[in-house]
Amino acid sequence: MKDKLQVLSDRLNDISRSNRSIRLLKLYNKWTFDLSELTRIDKNPMEVLLALTDNKSKLFAKENPGNQVELSLSRKLTTLFRNIRSIEEETGLYDLYLGYPMMEGAMSDGTYVRAPLFLYPVRLERKKRSSVEWHVEPLSDQSPQLNRTLFLALQKFSNIHMPESLFDEAETNAKSINIVEWSNWLAKHDFSVAANTAEQLQTVDEYTKEEIPTFNKGSFRINQQAVIGHFPQGNSAILRDYEKFVELLEQGEEDLGLVSELLDINVQGTDEDIDNLPSKQEQSYQDKLAQEKNKYYVLDTDASQEKLLDALDQEKGMVVHGPPGTGKSQVIVNMISNAMAKGQRVMLVTQKRAALDVVYQRLDSLNLSSNIALLHDEKNDRKNFYQKLNLQLNRDHSYQDLQWEFEQLSEKIINTEDKLDRIAQALYEVQPHGFRAYDLFGLSKTAKEQNKMISLENILEGLNKHNLTDTLRKVSTYGSYYGTFGGDNPLHDRKPFTNLELKDRIKIIEILDEAIKESEQSIKHIDHFNDEDITPAYSLQIDKKLEKIYEDLKTEDKKTLQKLRLWLWTTFTGKTIIEDLLEGEKFSGLSSKEWPKLKESLTILYDLSQATEGLFKQLESIEPYLKVDSIKTLRQRISKGDLPLDTLKQKQAYIKEYFDELREMDRLYDASAKEVQRIIDRLIERNLPNADNLGEEWAEVAKQSAYIHWIDKIEMKYPEVAMIGTGNFQRLTEELKELLLKKQSLTINLLQNQMVQMVEEVKVNNPKAVKDMVYQTGKKRQLWPVRRLVNEFALKGLLDVIPVWLVSPEIASAIFPLEEKIFDLVIFDEASQCTVENGMPSIYRGNKVVVAGDEQQLPPSSLFKGEVEADEDDEQEEFEESQSLLNLAKRILPSSLLEWHYRSKSEELINFSNHAFYNGHMQIAPNVNHLQDPAAIQWHKSNGRWINQQNTVEAEDVVELLKQKLIEDVSKTIGIITFNAKQQAAIEHAIDRHSEIDPEFGVIYEQVMSRDLDERIFVKNIENVQGDERDIIIFSIAYAKNKEGKVHSRFGTLGIEGGENRLNVAVTRAKQEIHLVSSIDPHELNVTGSKNIGPRLLKSYMEYAKAVSNLNKDKVEASLTNLSGEINTTKQEGHLQFDSPFEEEVYEKLTEIGYSVDTQVGMSGYRIDLAIVDPNDPSKYVLGIECDGAMYHSSPVARERDIYRQRFLEQKGWKIDRIWSRNWWKDPYGEIERIDQMVKKLSQ
């Protein structure tokens, strides 16, 4: 652990050969100005030096256009001025000093050093009068100091240890301006330094490595030399923290908390998922209520923001990945307000001034800044901080307790949200049968079209989503069979043929064949009698009687005995039969003329009985194949003499023709589940009129019946779903919206009152400390350093009165004691640019840590440190950048991604970044003006040349464009971005020149530059534009053909590994417009030799920008698809996309009435289901229609579904209406009529 801390400390020490504050070999114009140069314009440098050290302002130089020497000095000062101003704007630090005298010598290892001994704080001012004047102003409220960085190097490499008292004495000793006295003073502290006592200031010579002067090891000399320059000292405070870390470890402290955890993990590591927060578990009402009462948000949020805000309470820390414009500062403000409400102390840490300012400004706009300290620079911001603290401690406060009201309001929110959640649950909860109500509303015919149904009692429980299709398929197949073989077909009365074989078919045919023959015989016999009473049944009744004489009747030559038998039979046994045959007439005997006819009739009557008996036997044989009732009916018919000959023939023909089909039909039925059989039975009972395709009709009726039954059950379970389509639902959403706004306002009020109450409690509990703080912060002279005030009073009420501190890592170490967990929450912003070594001391001071940033933006930068070895304009070789705190923290802390993009007014401004760097994960509102002309990105052709790493013609064109945009609308903010520092300087020079020669431009430019910092025009290169945003961004590509007509193909930092992140930052700064000025077309940029992706992405961006400018939508979509092919970026015209059947129906109905409708509109993960083109203006959409489908259902909570999404789209100019699946199911024509009326009204 100790070794790892030492490695980080060494990185911070910055005591390499390239540190200006230790080893100033060359004087670069952007960093330093040698005071001796003033002799060139006949000024006495020593006189200027004495004035400045005596806190007197001094006119340094004037810019006389006719004087080349003055012009030369003015240009040098301009370069220094711009650079120092840029650093101040970026970091809030103004580290410009008069460095005097210069000390040089050799450390004990022989390393040559040359640097200022004392640093006198000054400010360089450029004033426009009759000409440009350069003034240097001493900062009277800041004291001179020793060059602490130099003494840290002496301590490390020469073992020269200086007591802290030396630094305390520095302020007094610095005023003597006597080199000999200073030499003696240092000697008293056992540091021997020779004195060069020249009377006048000497020039600071510049050395190459070969020209460095030789000194004996350990010998040093003070020279009469002075330099105004940038000599940052901030790291010295962080270094002291590392020394204390080591002391803690040496004293036996083994655990440095999260610092130890971070240092113990593998530095190289592997990339982790950027969104790995635990999924939100199902919560009870009480859990939701408790969580709501714990939310103290003062700004609007979205779902991705609330996800991490909610999770923060349960986690020891968190990494927040915030792509451009996704509301990172918004989240941070809500984190701060949430912590303040709970009485917690918060420190926000970032090296970017803009990041601190935007958080402070947001809190200030809510009147919540009174108890918040903003310290960019301990020295420069001390006065304002002390005034604020003094005012808080002196003010008489009154306050009220709003906690009860807050909790009541929270309860109302959860009550309302719970009702809306119940409706969503009703729509989207998967029921036991597997369908959601939403699915059923889309699948079912509309309520008004439902006209046929069967009861599904005792059936529905067996049906579900997984078996419905198979069930309906079987019903349909059976229905098709039934259409042919059901109803009145000859074999409708059969028993199932399920288990029959082919031999059964033959057997049935044979039986029926015999039955047909017997029937035909019987019919002949019956036809003999013209008597309805003579029936097969009658023949069977008398067949036993007839049987006795049947043989006698057949014999013509009768013997006496036969005659006797016949006589006896006709007289006694068959008397009634004879009478029946003679219809009551008297029988005259065997010799009568009637007898031959009677004999024939009796014979036929007996034959009929035999045929009938045979027919009945055939019916017995066919009983296994026909239903009992059918056999019974046939028997009855036969008995009555109604012989079923045709019936039997039809049955036989059917068997012959359709045996296989009938068997398959019966097998299908018998093999089906009980539910299928019951559905078939109910459908047969329902006796639907024969349709062209009965199978389809049956399946449709069964399906719709199931849907209706399921819908009824869901609406019984969730009566709330009936609120959809009534004003009640709209009232609920409006109520929730109002409650959330009211709570936001109440939270601000509550925080203000809580802070007032806290100040009063501090006054009561710490009266002496408060009195001392009031005294120290009210003094006009000899003000304590902020560090001393904090160390003295931090635990005596100061951190209660000022619980929130917005600082840089250097300021955090400079003013706060290195104590574990003195802050409840430490938040890092722009953490991709914060090195691990800079972050560790602040992490140690926090109980909980949030690390916010974006790995697709700039890595830690050395741009504003003390290094001088290479100008960043030079072509860059690969180099190892320090690891960012963000990269390290994500390996042990849970991560969450902010998804919703707010900055860009048009999606074209952010789509490239989203697909090139974020795989389309950012949620971006589609454009309302989908054919906007002119486009949000505009291409401007220049005819410049690339000479000396800059393009001056293009710089002039940029300034002309700047003037045009200012004249068009001076209220819009503008930024200019270049790809290298020399082009930046060329544009700055062109702006200065135009300000001089063009009065119109000069006036309007000065007017804009007098505004607040974040509203001024900036000119920056891609290295230092992170964190900025403007309405309009102008790009100067600059690359062009050189004098030889070849296009430059070296790309500086853009071409190094990770250089593409610089492009990402640059292309995401615009809120409304991007203007790309280029002297070459994209195809002229040769990137084939580029080892890394940065230059290739630059070319892709230029192609994309030109396509957008030309309104070439196909090429725009192709460009985005090429960037992330797996992301579907287009809504392909020929292939309409729908989320559900009902959504498709809505589309069809709208197009039927003449509207042009686009589907799934958008090029990110967020799509609008349907967008209606304005009938009066085809370039824009008049109405967006959200169906309650996947996008709606993907939101787990009501406020996201019903409030946040709508608000997000409306902020981008959309008018949104929702068509509910239930309303569409109930009355699609009513919904279309409603939409039609709305469109007509909106398009007027």
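Numbered according to our numbering, the sequence shown spans residues 11 to 1254.
Don't be surprised by glycine CBs; every beta carbon is placed ideally from N, CA and C.
Remember, predicted model here, so these are calculated numbers, not experimental data.
- State buried or exposed for M850, treating a residue as buried only when at least 16 other CB atoms are found within 10 Å of its CB. Within 10 angstroms of the beta-carbon of M850 lie 16 or more other beta-carbons, which makes it buried.
- Extent of the continuous beta strand (DSSP E) to which D639 belongs: Taken as a continuous stretch (DSSP letters only), D639 belongs to no beta strand (DSSP E), being part of the alpha helix (DSSP H) at V638 to K650.
- Task: Leaving out five residues on either side along the sequence, give the residues of the same chain with a beta carbon under 8 Å from the beta carbon of S486.
- Result: Taken in chain order, the residues that qualify are G705, E706, W708 and A709.
- Kindly list the residues whose CB is nearer than 8 Å to the CB of Q293, restricted to its own chain and excluding five residues on each side of it in sequence; keep chain order. Around Q293, the same chain offers Q301 as residues with beta carbons nearer than 8 Å, after the five sequence neighbours per side are excluded.
- On the premise that V1118 lies in contact with I947, defined as a C-beta separation below 8 Å, what is that separation, rounded to the nearest angstrom? Correct: roughly 4 Å between the Cβ atoms.
- Query: Measuring CB to CB, does I97 end up less than 9 Å from Y104?
  - Reply: A distance below 9 Å separates the beta carbons of I97 and Y104.
- Query: Among all the DSSP beta bridges, which residues are the ones paired with F1028?
  - Reply: DSSP output for F1028 lists G985 as bridge partner(s).
- Message: Any contact between the region 442-453 and the region 474-481? By contact I mean 3 or more CB pairs, one from each, below 8 Å.
- Response: The region 442-453 vs the region 474-481: in contact.
- Query: Cβ of Q711 within 9 Å of Cβ of M463?
  - Reply: Checking the sequence, you will find Val at residue 711 rather than Gln. In this structure, V711 sits near M463, with a CB-CB distance shorter than 9 Å.
- Task: Tell me the start and end of each unbroken beta strand (DSSP E) in the region 65-142 that is at least 3 residues and wholly inside, in chain order.
- Result: As summarised for the region 65-142, the continuous beta strand (DSSP E) elements at least 3 residues long and confined to that stretch are 68-72, 106-116 and 122-138, given in chain order.
- Item | Inter-stretch contact (C-beta, 8 Å, three-pair minimum) for the region 961-978 and the region 1194-1214 | Short answer: they don't touch.
- Task: Assign F1011 to one of three DSSP states: helix, strand, or coil.
- Result: Three-state result, F1011: helix.
- Query: Quick one: what does DSSP say E879 is sitting in, helix, strand or coil?
  - Reply: Its pLDDT being 41, under 50, E879 is placed unreliably in this model, and the value from its coordinates should be taken loosely. Here E879 sits in coil by DSSP.
- Task: Tell me the start and end of each unbroken alpha helix (DSSP H) in the region 207-280 that is at least 4 residues and wholly inside, in chain order.
- Result: Considered as a whole, the region 207-280 harbours 245-260 and 268-274 as its complete alpha helix (DSSP H) runs of no fewer than 4 residues, in chain order.
- Task: Note down, in chain order, each residue of its chain lying with its Cβ closer than 8 Å to the Cβ of Q1142, except the 5 sequence neighbours on either side.
- Result: The pLDDT assigned to Q1142 is 41, lower than 50, so where the model puts this residue is not dependable, and the model offers no usable value.
- Please go through the same chain and pick out, in chain order, the residues whose beta-carbon is closer than 8 Å to the beta-carbon of S1089, but skip the five residues on each side of it. Scanning its chain for C-beta atoms nearer than 8 Å, with the 5 sequence neighbours on each side dropped, one finds around S1089 the residues K951, S952, N953, G954, R955, W956, N961, V963, E964, I1047, A1048, Y1049, A1050 and K1051, in chain order.
- Item | Close Cβ partners of D119 (< 7 Å) along its chain, the five nearest in sequence each way excluded | For D119, where only same-chain residues beyond five positions count, the Cβ hits under 7 Å are F167.
- Task: To the nearest angstrom, report how far apart A1000 and R231 are at their CA atoms.
- Result: Going from the Cα of A1000 to the Cα of R231 covers about 44 Å.
- Check the C-beta distance from S375 over to Q402 and give it rounded, since I have them as a contact under 8 Å. Actually they are not in contact, since the Cβ atoms of S375 and Q402 sit about 19 Å apart, beyond 8 Å.
- Item | Start and end residues, alpha helix (DSSP H) containing Y664 | Note, Y664: alpha helix (DSSP H), L655 to A681.
- Message: Please return the same chain residues whose Cβ sits closer than 7 Å to the Cβ of E1136, not counting the five positions on each side in sequence.
- Response: Legend: pLDDT at E1136 = 46, less than 50; position of this residue unreliable, value from coordinates given subsequently. Excluding positions up to five away in sequence, the list is empty.
- With DSSP as the reference, please indicate the residues paired to W949 in a beta bridge. Its beta-bridge partners are L1086.
- How long is the line joining the alpha carbons of K362 and G262, rounded to whole angstroms? Going from the Cα of K362 to the Cα of G262 covers about 36 Å.
- What does a CB cutoff of less than 7 Å around S535 pick up in its chain, not counting 5 residues either side in sequence? According to the sequence as given, residue 535 is His; it is not Ser. Closer than 7 Å at the Cβ level, and outside the excluded window around H535, lie I614, D617, L618 and A621.
- Message: Does N921 pass the burial test, meaning 16 or more other C-beta atoms within 10 Å, or should it be called exposed?
- Response: Buried.
- Taking three-plus beta-carbon pairs below 8 Å as touching, is the region 839-853 in contact with the region 812-829? They touch, by the three-pair rule.
- Task: Ignoring anything shorter than 3 residues or poking outside the region 679-762, list the beta strand (DSSP E) runs there in chain order.
- Result: Counting only runs that start and end inside the region 679-762, there is no beta strand (DSSP E) element of at least 3 residues.
- Top-ranked residue by Cα proximity to N1102, from R1060, V1077 and T1078: Of the candidates R1060, V1077 and T1078, the one whose C-alpha sits nearest the C-alpha of N1102 is R1060.
- Looking only at C-alpha atoms, which of P827, K138, G985 and Q646 sits nearest to L1023? Among P827, K138, G985 and Q646, the Cα nearest to that of L1023 belongs to G985.
- Message: Using 9 Å as the threshold, is the C-beta distance between G599 and T580 below it?
- Response: Yes, the Cβ-Cβ distance between G599 and T580 is below 9 Å.
- Message: With three or more C-beta pairs closer than 8 Å as the rule, is the region 1096-1110 touching the region 1058-1072?
- Response: Counting Cβ pairs under 8 Å, three or more are found: they touch.
- Message: Report the CB separation of I1042 from H1085 in whole angstroms; it is logged as a contact under 8 Å.
- Response: Confirmed, Cβ separation roughly 7 Å.
- Quick one: grab the DSSP three-state call for E891. Per-residue confidence for E891 stands at a pLDDT of 47, beneath the threshold of 50, marking its modelled position as unreliable; the derived number appears in the next sentence. Three-state result, E891: coil.
- Task: Name, in chain order, the residues that DSSP records as bridge partners for C844.
- Result: For C844, which the question treats as bridged, DSSP gives no partner whatsoever.
- Evaluate V214 with the Cβ neighbour count: other Cβ atoms within 10 Å of its Cβ, from every protein chain shown; 16 or more gives buried, anything less gives exposed. In this structure V214 is buried. Its beta-carbon is surrounded by 16 or more other beta-carbon atoms within 10 angstroms.
- Message: Given a cut-off of 9 Å on the beta-carbon distance, is the pair L816 and S842 in contact?
- Response: Not closer than 9 Å, so no.
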